[in-house]
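Heads up: the sequence lines are chains A and B, in that order.
For reference, each letter of the first sequence is one residue, going 1 to 419 in the working numbering.
For reference, each letter of the second sequence is one residue, going 1 to 226 in the working numbering.
Below: one structure, written as structure tokens.
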Amino acid sequence: MNARLIISIAKSLLLARWRQTLIAAIGVTFSITMFITLLSFMAGLNDLLDGLILNRTPHIRLFNEVKPNSRQPVNESPEYKNTYNFISSIKSGASRQEIYNSGPIMQALKQDSRVLGYSPKLTAQVFFNDGAVDITGVVNGIEVIAESKLFHFSDYVTEGVAIDISKIPNSIILGKGLAEKLLADMGDIVQVTTVKGERFSLKVVGYFQSGIQDFDKVQSYASINTVQKIMGKPGNYITDIQVRLKDMEIAPALAKEYTALFGADAEDIQTANSQFETGSSIRTLISYAVGITLLIVAGFGIYNILNMMIYEKMDSIAILKATGFSGKDVKRIFLFIALSIGLFGGAVGLLLGFGLSAIIDQVPFNTASLPTIKTYPVNYNPVFYAIGIIFSLITTWFAGWFPARKASKIDPVVIIRGK
Amino acid sequence: MSELILQAKHINKSFHDPVTVKVLTDINFTINKGEFVSVTGKSGCGKSTLLYILSTMDTDYEGELLIDNEMMTGKKEAGLASIRNEKIGFVFQFHYLLNEFNVLKNVMLPGLKLNKLTAAELEHRAMEKLKMLDIEKLALKKANLISGGEKQRVAIARALINDPHIIMGDEPTGNLDKKNSDLVFDIFKRLVEEYNQTMLIVTHDQSFAERTQRTIEMEDGKIISK
Ligand SMILES: Nc1ncnc2c1ncn2[C@@H]1O[C@H](COP(=O)(O)OP(=O)(O)OP(=O)(O)O)[C@@H](O)[C@H]1O
Ligand SMILES: [Mg+2]
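If you want it as structure tokens, here you go:
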């Protein structure tokens with residue numbers, strides 16, 4: 001059919017009522033603006049909150065769980081081969097926390113193209129001695145450079161310099177909460193006692209703030225060497241290898257592969273932190289619900305203006321039909337009007353939404369628990385913009401469809417006779 | 001033998017709101033090409049009702065209607081719309097121009113819909129029609145800014161744009177003064193005489209009816225002379 005004619009008629013009807021059209025378009029613009037802003041902000045917030053944990057969580061963690069040996073003597077006996085055996089005569093005590101062959105494993109990880117990087121780690125349970133009281137805590141032995149590169153360690157060191165723990169012998173970075181409990185200032189010496197009863201003095205070279213208070217009340221960081229010394233272990237003793245992948249999604253599959261390959265336990269991030277996904281998806285759901293509600297309200301605006309337009313233009317519709325335009329043509333004219341309101345209003349909404357997100361992105365946001373964040377977080381995901389414009393076209397199409405159908409059903413005889 | 005343009009066979013029509021009233025009873029007549037026919041009768045005798053049926057806009061009737069030897073009865077809405085577009089021209093008592101457009105575009109609209117000529121050819125043709133009706137200087141004026149008599153002439157130009165088989169009018173001079181009525185009548189007459197245009201005009205105006213070639217008289221939904 002003659003699309004250009006339909007468009008030119010639609011355009012002149014639109015322009016004849018440009019004020020009302022503009023108001024309907026502003027309704028769409030407003031809702032798309034809010035939709036984009038809300039989603040960008042919520043997604044930014046999600047990223048931030050997920051980042052709190054996920055940034056610092058390895059995609060795969062290799063470790064050795066203390067558990068009974070899976071090769072129990074009773075299973076080896078040919079007599080009991082086809083029975084279910086539950087006697088464990090070799091106890092967990094005989095197993096070690098250490099990762100065996102950590103050197104070759106790290107060599108293999110280095111060569112794996114799916115791996116972005118890894119960082120070895122060992123943790124020691126200790127008591128911090130504060131006068132007569134002992135405070136339980138954990139000293140993490142880390143390789144500062146790898147840990148900073150992969151897990152943003154240095155970002156969370158709020159006072160002092162992260163690299164100092166590898167430069168200054170017997171030094172430690174305390175969690176902010178832990179330091180407050182111990183009344184330890186920068187440069188102070190803190191006493192730690194290992195579970196085996198040995199005492200060490202460590203110098204405080206920095207504070208560390210993760211954003212999670214409970215975490216900061218027990219955690220502290222030192223170099224791998226220092227922790228090996230505290231524990232009285234040799235230089236190749238490590239308990240964890242933290243792996244960061246190029247693509248987080250393959251973590252569960254790769255974890256299985258590593259378990260088989262390295263004979264160590266491997267835990268993937270999805271298993272370790274499944275609750276965070278739930279939180280994110282609920283926040284996203286709320287943003288979509290609000291955005292769509294706004295759009296539906298805007299849709300009613302379009303519905304109204306079109307109904308009004310059709311009421312006013314009854315005569316024109318009647319004459320179009322009398323001179324040979326079919327009901328379908330008339331319907332197309334009004335659908336086109338609705339869609340162009342949706343497209344125009346939506347496009348302006350996208351621009352304004354982008355602008356508003358950019359403004360929010362500049363608003364200062366300082367909180368003690370999030371030392372790396374200076375302004376409100378915003379995620380400029382192009383998918384939101386695509387969804388925004390598609391939604392605005394769908395709503396306006398529906399808003400236009402009913403009035404357009406009404407217009408297409410107008411009986412010219414009734415109108416002409418009514419004059 | 002002359003060519004048949006319109007045939008009405010046993011057309012009956014009743015309104016059912018609020019009670020069933022029969023408005024047209026067994027209407028039979030034909031119109032040949034080039035005829036100038038007027039329909040007269042007392043107010044309320046069913047002239048407009050008949051014209052709406054003949055114009056294919058009203059499909060709720062019994063009987064058969066043929067235009068250009070093609071059966072109209074039972075055709076779908078879209079099919080009838082394109083018949084109206086191509087074969088029938090309308091002039092109403094009230095002019096029904098689209099105020100959003102200028103005079104020229106109003107005249108061109110049915111032609112654009114028919115989509116047989118290019119816009120430029122159509123514009124040329126529309127200007128010719130306006131010239132023939134002596135209103136070419138109004139071409140670029142907005143349709144709501146011209147006088148009633150001028151509007152009626154624009155409506156006639158619009159009716160002519162696709163060279164229809166027949167032009168139908170429902171009291172096209174009903175709303176005009178004597179001078180303008182005569183003007184419109186002269187235009188119709190010229191169309192019939194010079195261009196062999198077929199005309200079917202419903203009118204109240206006795207002097208108008210007398211000057212047409214043939215008058216169909218109605219009374220109480222029936223044709224009493226044709
Ligand atoms: N929609 C309708 N519902 C019920 N009755 C109707 C309807 N339209 C018209 N009528 C009746 O049908 C009859 C014929 O009406 P019509 O308009 O055809 O008359 P007319 O001959 O054109 O009259 P006039 O010369 O005044 O225009 C009238 O009695 C009128 O009241
Ligand atoms: Mg009438």
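Virtual Cβ for every residue (Gly too), placed ideally from N, Cα, C.
Bear in mind the structure is a predicted one, so any value in this text is a computation, not a measurement.
So G169/B is in the beta strand (DSSP E); what residue range does that whole segment cover?
Run containing G169/B: 166-170, per the beta strand (DSSP E) assignment.
Any heavy atom of ligand 1 closer than 7 Å to the Cβ of T49/B?
The answer is yes for T49/B.
Could you say if the region 301-317 of chain A and the region 348-367 of chain A meet the contact criterion of at least three C-beta pairs nearer than 8 Å?
Judged by Cβ distances under 8 Å, the region 301-317 of chain A makes no contact with the region 348-367 of chain A, as fewer than three pairs qualify.
Which listed residue (I333/A, A358/A, I319/A, G279/A) has its alpha carbon closest to that of I53/A:
The residue among I333/A, A358/A, I319/A, G279/A with its C-alpha nearest the C-alpha of I53/A is G279/A.
For D220/B, report the span of its alpha helix (DSSP H) as first-last.
Premise fails: D220/B is in no alpha helix (DSSP H) and is neither H nor E.
Using Cβ-Cβ distances below 9 Å, what residues of the region 321-344 of chain A are close to chain B?
For the region 321-344 of chain A, the set of positions with a beta-carbon nearer than 9 Å to some beta-carbon of chain B reads K321, A322, T323, G324, F325, S326, G327, K328, D329 in chain order.
Tell me the start and end of each unbroken alpha helix (DSSP H) in the region 50-93 of chain A that is at least 4 residues and wholly inside, in chain order.
For the region 50-93 of chain A, whole alpha helix (DSSP H) runs of length 4 or above, ordered along the chain, are 73-76.
7 Å Cβ shell around T49/B - same chain, five flanking residues per side excluded:
Here the set comprises K13, V23, L24.
Contact with chain A by N85/B, beta-carbon distance below 8 Å:
Closer than 8 Å: yes.
Contact under 8 Å by Cβ, D164/A with V192/A:
The answer is no: Cβ separation not under 8 Å.
Does P403/A get closer than 8 Å to chain B when you measure Cβ to Cβ?
It does not; no Cβ of chain B falls within 8 Å.
What is the rounded straight-line gap between the Cα of L65/B and the Cα of L320/A?
Rounded to the nearest angstrom, the two C-alpha atoms are 22 Å apart.
Report, in whole angstroms, the separation of the C-beta atoms of T284/A and Q97/A, which I expect to be a contact under 8 Å.
At roughly 39 Å, the Cβ-Cβ gap does not stay under 8 Å, so T284/A and Q97/A are not in contact.
Neighbouring residues, chain A, relative to E100/B (Cβ below 7 Å):
Result: S12, L13, A16.
What number of angstroms, rounded off, separates the C-alpha of N180/B from the C-alpha of G149/B?
For N180/B and G149/B, the distance between alpha carbons rounds to 6 Å.
Just mark H16/B as buried or exposed, buried being the case when its beta carbon has 16 or more other beta carbons within 10 Å.
The residue in question, H16/B, is exposed, as its Cβ has fewer than 16 Cβ neighbours within 10 Å.
If you reduce the DSSP assignment to three classes, tell me which class R405/A lands in.
R405/A falls in the helix class under three-state DSSP.
Leaving aside the five residues before and after G346/A along the sequence, list all residues of the same chain whose C-beta is less than 6 Å from its C-beta, in chain order.
Within the same chain, G346/A has close Cβ partners V28, I32, I389, S392.
Cβ-based neighbour list, D411/A, same chain, cut-off 6 Å, excluding 5 preceding and 5 following:
Around D411/A: no qualifying Cβ.
Please determine whether the Cβ atom of D205/B lies at a distance below 7 Å from any heavy atom of ligand 2.
No, since every heavy atom of ligand 2 falls outside the 7 Å radius drawn around the Cβ of D205/B.
Proximal chain C residues relative to F90/B, where beta-carbon distance stays under 8 Å
Structure shown: chain C not included; protein chains present are A and B.
Quick one: does N2/A have its CB under 8 Å from some CB of chain B?
Answer yes: the Cβ-Cβ gap between N2/A and chain B drops below 8 Å somewhere.
Look at the Cβ atom of N366/A, then the Cβ atom of G44/A, and state whether they are nearer than 8 Å.
Going by C-beta atoms, N366/A is not nearer than 8 Å to G44/A.
Given that D58/B touches chain A, what residues does it touch there, using C-beta distances under 8 Å?
D58/B reaches chain A at V413, counting residues in chain order whose Cβ is nearer than 8 Å.
For a test of the three-state rule: what should DSSP assign to I146/B, helix, strand or coil?
Three-state DSSP puts I146/B in coil, outside helix and strand.
Measuring only from the beta carbon, is S43/B closer than 7 Å to any heavy atom that is part of ligand 1?
Result yes, Cβ under 7 Å from ligand 1.
Paired residues, beta bridge with K13/B - DSSP
K13/B is bridged to L24/B.
Roughly how many angstroms separate the alpha carbons of A119/B and S316/A, rounded to a whole number?
Rounded to the nearest angstrom, the two C-alpha atoms are 21 Å apart.
For D68/B, which residues of its own chain have a beta-carbon under 7 Å away from its beta-carbon, when the five flanking residues on both sides are left out?
Excluding residues within five positions, the ones whose Cβ falls inside 7 Å are I5, K87, H165.
Alpha carbon to alpha carbon, how far is K256/A from I337/A?
Going from the Cα of K256/A to the Cα of I337/A covers about 57 Å.
Distance cut-off 7 Å: G46/B Cβ against heavy atoms of ligand 1:
For ligand 1, a non-hydrogen atom lies closer than 7 Å to the CB of G46/B.
How would you call T198/B, buried or exposed, if buried means at least 16 neighbouring beta carbons within 10 angstroms?
With 16 or more Cβ atoms within 10 Å of its Cβ, T198/B is classed as buried.
What residue does the alpha helix (DSSP H) around T49/B start on, and which one ends it?
47-54 is the span of the alpha helix (DSSP H), which, as asked, contains T49/B.
Determine which residues of the region 114-127 of chain B have a Cβ less than 8 Å from any Cβ of chain A, and write them out in chain order.
For the region 114-127 of chain B, which is checked against every Cβ of chain A, the residues closer than 8 Å are L114, N115.
Under the three-state DSSP convention, the category F92/B falls into
Secondary structure at F92/B: coil, using DSSP grouped into helix, strand and coil.
Would the C-beta of F90/B count as close to ligand 3, meaning under 7 Å from any of its heavy atoms?
In terms of ligand content, the structure shown lacks ligand 3 and carries ligand 1 and ligand 2 instead.
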